[in-house]
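Participant: Mapping of the sequence shown onto this note's numbering: position 23 corresponds to residue 251, and the numbering continues sequentially without gaps. Quick reminder that beta carbons are idealized off the backbone N, C-alpha and C, glycines included. This structure is in C-alpha cells; I'll ask about it shortly.
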Amino acid sequence: MFNSLGSVLSVEVSRKPGTGVSRGCGYITMTSIESARNAVSALDGSDVGGREMRVRYSVGMSSGRRNPEALSELSTHKTPI
Numbered sequence: 229m230f231n232s233l234g235s236v237l238s239v240e241v242s243r244k245p246g247t248g249v250s251r252g253c254g255y256i257t258m259t260s261i262e263s264a265r266n267a268v269s270a271l272d273g274s275d276v277g278g279r280e281m282r283v284r285y286s287v288g289m290s291s292g293r294r295n296p297e298a299l300s301e302l303s304t305h306k307t308p309i
C-alpha cells in the first residue's frame, strides 16, 4: 500500500502488551519527505477493511528515532499537508 507511493524504510505496528493484538495503528517511516507527502496525500481518509485510515506526520517521536534532517525540511516548507 505505501510502497507504491515511495520507498518505505520501516514499519511498526502498535500492539497490546501481553496479547500482541494490534491496536489498530502503526508507524511507517518513509525514506524521503516527498514519499511521506505522497503517502499522506494519497492515503489519508481512504477505506481499509471498512475503516477510515488516517495518515499523518508523527510529531511525538522519541529523540532516538527522530530524523532531524527530515523534520527540519518539513518545518521549512509552508505547504499545507
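In chain order, which alpha helix (DSSP H) runs of at least 4 residues are fully inside the stretch 229–291?
Facilitator: 261–271
Participant: With 16 other CB atoms within 10 Å as the buried threshold, where does Met229 fall?
Facilitator: exposed
Participant: Assuming Glu282 and Asp272 make a contact with CB atoms under 8 Å, what is their CB distance in whole Å?
Facilitator: What sits at residue 282 in the sequence shown is Arg, not Glu. 6 Å between Cβ atoms; contact.
Participant: How many whole angstroms separate the CB atoms of Gly254 and Val239, which I take to be in contact at a CB cut-off of 8 Å?
Facilitator: 7 Å
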